[in-house]
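Notes for the one structure printed next.
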Amino acid sequence: MRLSKSFIPTLKELPSDAVIPSHILMLRTGMVRMLSAGIYSFLPLGYKVIKKIADIIREEMDAIGGQEFHLPALNPKEIWEETNRVEAFGDTMFHVKNRDYVLAPTHEEIMAFHAKGVLKSYKDLPQIWYQIQTKFRNEPRPRSGVIRGRQFLMKDSYSFDSTWENLDKSYELHDQAYRKIFDRCGLKYFVVGASSGAMGGSKSEEFMVRSEAGEDTVAFCESCGYAANVEVAASVIASITRHGNSKSVYEIHTPDVKSIDELCEFLKIDQRETAKSRIYIHNEKPVLVLMSGNDDVNETKLAKVLPGNLRPGHPDELKTITGADAGSIGPLEFKHRIIADLRLQDGNNLYSGANKNDYHVGGIDLQRDLPNVEYFDLRTVESGEGCPQCNSKLEVFKAIELGHIFKLGTKYSDALGVNFLDEKGEAHPVIMGSYGIGVERVAACYLEQNHDEYGIIWQKPLNPFDIHLIALNLKNVEMEKAGDDLYENLQSEGFEVLYDDRKDATAGFKFNDADLLGMPVQIILGEKNYKNGKIELKNRRTGEKQIVEFNKIIETIKKIL
RNA sequence: CGGGGCGUAGCGUAGUCCGGUUAGCGCGCCUGCUUUGGGAGCAGGAGGUCGCAGGUUCAAAUCCUGCCGCCCCGACCA
29 MRLSKSFIPT
39 LKELPSDAVI
49 PSHILMLRTG
59 MVRMLSAGIY
69 SFLPLGYKVI
79 KKIADIIREE
89 MDAIGGQEFH
99 LPALNPKEIW
109 EETNRVEAFG
119 DTMFHVKNRD
129 YVLAPTHEEI
139 MAFHAKGVLK
149 SYKDLPQIWY
159 QIQTKFRNEP
169 RPRSGVIRGR
179 QFLMKDSYSF
189 DSTWENLDKS
199 YELHDQAYRK
209 IFDRCGLKYF
219 VVGASSGAMG
229 GSKSEEFMVR
239 SEAGEDTVAF
249 CESCGYAANV
259 EVAASVIASI
269 TRHGNSKSVY
279 EIHTPDVKSI
289 DELCEFLKID
299 QRETAKSRIY
309 IHNEKPVLVL
319 MSGNDDVNET
329 KLAKVLPGNL
339 RPGHPDELKT
349 ITGADAGSIG
359 PLEFKHRIIA
369 DLRLQDGNNL
379 YSGANKNDYH
389 VGGIDLQRDL
399 PNVEYFDLRT
409 VESGEGCPQC
419 NSKLEVFKAI
429 ELGHIFKLGT
439 KYSDALGVNF
449 LDEKGEAHPV
459 IMGSYGIGVE
469 RVAACYLEQN
479 HDEYGIIWQK
489 PLNPFDIHLI
499 ALNLKNVEME
509 KAGDDLYENL
519 QSEGFEVLYD
529 DRKDATAGFK
539 FNDADLLGMP
549 VQIILGEKNY
559 KNGKIELKNR
569 RTGEKQIVEF
579 NKIIETIKKI
589 L
C-alpha cells in the first residue's frame with residue numbers, strides 16, 4: 029500500500045475526547061472514527077486488523093468443528109418475547125419504531141430458532157454454530173472507545189448437545205479454542221470463574237485482560253492462578269479480635285460524626301473496632317447488614333443470601349426504620365432482621381451507631397447483645413488479602429472482559445421448544461452452550477498492552493503490515509526508482525508493505541508516522557546508504573537499528589518478524 | 001438516570017465571568033519557491049450557521065430559557 033494514495037488519516041495532536049491509550053491510538057493512527065457515542069466506523073487500517081483477528085477466530089472455531097452462519101441483525105420481536113428477554117434486556121435492547129422488530133443484542137434465540145425441528149435426533153448432535161457479526165445494545169453510557177459501544181462486532185457461538193456430558197465437551201472445546209485465539213493474538217489474559225448473570229445457565233468463565241479501563245474488578249493470585257470476579261471472590265482474612273473482657277454498652281455523644289473514618293478519628297480507635305450498618309429493603313422488609321469497619325458490602329453475595337427483591341434503603345426511609353439518618357444507624361434495638369459479615373462473628377467491645385443522630389454506642393458484644401444475628405460472607409475482597417486457595421496475597425484490579433463462555437442448559441430450547449429424540453425415541457430439550465468474544469475488544473486490548481510513548485507496537489499476526497518502507501529524497505528520480513523497486517520486491521517476497529512514498533513529507537515526519545503506526549519492521553531507504561549499497565532497518569519493538577547490505581534485507585526482516 | 005465538565009474552521013484551542021472592531025492563535029489544507037535522516041522555511045491563500053431554537057438588547061460566541069450532542073465519575077452492564 030502506497031501511503032500517498034491510501035486513506036490513513038493520522039493525527040499529530042491528541043484527540044480531546046479519548047482518555048485511554050487504545051482509544052487515543054486508534055484515533056491517532058486513523059483506525060477508527062466516531063460517528064456517534066458508542067458507534068464507530070472502522071477505517072481501512074483498523075478494519076484490516078479486525079479482519080486479521082476475525083480470521084484467527086475463524087480458524088480456531090473451524091478447528092473445533094464450528095460452522096459459520098450469517099444471521100440477521102433485524103429480528104422479529106416475537107421470538108424474543110417467547111424467551112421473555114424483551115423484558116430481561118429492557119432498555120438495553122434497541123427497538124425498531126415502525127415495525128415490530130428489534131436489533132439483536134445477541135443470537136441465542138435465532139440460533140435456537142434454526143435448530144428447532146432440524147436437529148431432530150441425537151444423531152444430529154453435537155453441533156457448533158457461530159457467527160462474527162454486529163450486535164446492538166443501547167448502552168446507557170458508552171465509553172473507552174470501542175471497548176463499550178452501542179454497536180460492536182462479536183463472535184458468538186452456540187453448542188447443541190444431547191447430554192450434559194457432551195455439553196461439558198463442547199464447553200471444553202471452546203475453552204481450549206479461546207486460549208489458542210488469545211494466545212495467537214499475543215494477548216496477556218487470564219481466566220476467571222464468573223456468575224452467569226442474566227444470560228441464564230450454570231457454569232461460566234470469563235477471559236479477561238488487566239486494564240485500568242476495564243469494567244470488571246477481579247481478584248487474582250499470582251502464585252497459584254486463582255482468579256475470580258470480585259463479585260464472587262473469597263479471601264482469607266483474620267476475624268476481628270474478641271477481647272477477654274466485654275464492656276457493657278454505653279452511649280457516646282458524637283456530633284457530626286457520620287463515616288467510619290470520622291468515628292475512628294473522633295474516638296482514636298481502629299476501624300476493626302467498629303461495625304458499620306447498611307439498611308437494605310428485602311422483599312419490602314428492612315434488613316440491617318452489619319460490616320466490620322469500612323468493609324464493602326458485596327451486593328452479589330448479599331443477593332444470594334437475600335434472594336428476591338433487594339435494594340438499598342432510600343435516605344428518607346432510614347429515619348422511619350431506625351430513628352436515625354445514615355451515619356448514626358446501629359444494630360442495637362433494631363427491630364428487624366440483622367445479618368452480619370463473618371469477619372464480625374463473636375466480636376465484642378464494638379462501636380456502632382446508636383439509632384439516634386449524633387450518637388454512637390460502644391461496648392457492643394455481638395454474642396451477648398445480638399444473639400440472633402446471622403453470619404454470612406458478605407464482604408468485597410481487597411488487595412493484599414489471602415488467596416483462598418494458597419493463602420498468598422491476592423491482587424484486586426480492573427479488567428476488560430474479552431470473552432465469556434457459558435453452559436446455558438435448556439433455557440432457550442425449553443422456551444422455544446427445541447427438542448430431539450434420544451435412542452429410545454423420547455423427546456428432550458437440546459442442551460445448549462453460548463460463547464462470545466468481543467472482536468474489537470481484542471484489538472483494543474492488544475493496543476493497551478502493546479504501545480509506547482511514540483505509538484503502537486504491532487507484531488505478528490495482528491500487524492496490519494509487516495514492513496513500513498520509508499523512502500527519502502523521493503524528488504531524486506533515482507531514489508524514487510529505488511524505492512519503487514524495493515517496494516515491488518518486498519511484496520513479491522510475500523511481505524505486506526506500507527510504502528511511505530510521499531514526496532512532500534519530510535524525513536522526520538515520516539519517521540514519526542512510522543513509529544506511530546508501529547509496523548514491526550521499518551526500512552529506511554536513504555540516499556547515502558543507498559549509494560554504498562546499504563539500507564537501514566529498524567525493529568519497532570526494540571528500537572534497534574541496523575545498516576545492512578542490500579542483498580541481506582530479506583533475511584534481516586525475517587529475523588525481526 | 002444522578003453528579004461534574006465541555007461544544008468556536010478538518011484537529012487542538014483563545015475569547016464567554018464583565019455584551020460593543022473584520023472572532024484570534026497553533027497544526028493541518030491550497031499555490032509558489034526553497035528544503036529533505038527525526039513532525040521544515042519564506043511568501044501568498046482558502047476555510048466559521050461560534051451545537052440548535054427561541055428570548056433580552058441599539059448590539060449576543062458572550063446574558064436568559066428550552067433542547068441536542070460529546071467526555072469523565074457514579075448507577076447499570078449476557
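Numbering of the first sequence is given in the numbering used here, commencing with residue 29 and proceeding in unit increments.
Note that the Cβ used here is the ideal one computed from N, Cα and C, for glycine as well.
None of these values were measured; they are calculated from a predicted model.
From the DSSP output, in three-state form, read off residue i for me.
i, result
"Q519", "helix"
"C292", "helix"
"I297", "coil"
"N194", "helix"
"R30", "strand"
"Y254", "coil"
"S441", "helix"
"Y482", "coil"
"R176", "strand"
"A266", "coil"
"R568", "coil"
"C473", "helix"
"A226", "Bear in mind that a pLDDT of 41 at A226, under 50, signals an unreliable position, so the number given afterwards is only what the model happens to contain. It is helical."
"A303", "strand"
"R86", "helix"
Counting C-beta neighbours from all protein chains within 10 Å, is the total for residue i 16 or more, i.e. buried, or is it exposed?
i, result
"W108", "buried"
"N311", "exposed"
"P15", "With the chain covering 29 to 589 only, the question about residue 15 has no answer from this structure."
"L42", "exposed"
"I575", "exposed"
"A535", "exposed"
"P154", "buried"
"P100", "exposed"
"E361", "exposed"
"T282", "buried"
"R113", "buried"
"D45", "exposed"
Compare the C-alpha of residue i against each of the options and name the closest.
i, options, result
"G546", "A533, E555, K566", "K566"
"S190", "I48, F425, F210, L147", "L147"
"L215", "L201, Y199, F235", "F235"
"A82", "L449, V467, A262", "V467"
"K580", "L518, L544, T534, L526", "L518"
"Y308", "R300, E233, E279, I349", "I349"
"R469", "E167, S239, R86", "S239"
"V47", "A132, R113, G173", "G173"
"G390", "F294, H142, V325", "F294"
"R169", "D119, H135, M182, S187", "D119"
"R568", "P548, L318, M29, L589", "P548"
"P489", "F210, I138, D353", "F210"
"Q550", "K332, Y527, K562", "Y527"
"V424", "H123, D244, C292, E200", "D244"
"V401", "G93, L430, G375, K183", "G375"
"G341", "V258, P314, S462", "P314"
"L500", "F537, D324, S267, K439", "F537"
"E583", "F523, L544, T570, A533", "F523"
Residues in its own chain within less than 7 Å of residue i by CB, not counting five upstream and five downstream?
i, result
"F110", "Sequence inspection shows Glu at residue 110; the Phe mentioned does not correspond to that position. Once the five neighbours on either side are set aside, the close Cβ partners of E110 are A443, L444."
"Y129", "L102, N103, P104, K105"
"W192", "I459"
"L73", "I36, T57, G58, M59, P492"
"I297", "Y379"
"I357", "S305, I307, L346, T350, G381, N383"
"E577", "G561, K562"
Can you name the residues that DSSP bridges to residue i?
i, result
"T111", "DSSP output for T111 lists no bridge partner at all."
"N560", "BP columns for N560 are empty, so no partner."
"V47", "Note: V47 sits in no beta bridge, so no partner."
"D369", "F404"
"Q155", "F188"
"L497", "Y527, I551"
"I459", "D189"
"Y150", "Answer by DSSP bridge pairing: none, since Y150 is not bridged."
"P314", "I309"
Quick one: residues in its chain with C-beta nearer than 6 Å to the C-beta of residue i, no 5 flanking neighbours on either side, listed in chain order?
i, result
"K286", "G355"
"Y403", "A368, L370, Q373"
"G321", "I288, Q299, R300, T302"
Give every residue of the same chain whose Cβ lies closer than 8 Å to the Cβ of residue i, excluding the five residues on either side of it in the sequence, and list them in chain order.
i, result
"L502", "E508, G511, D529, R530, K531"
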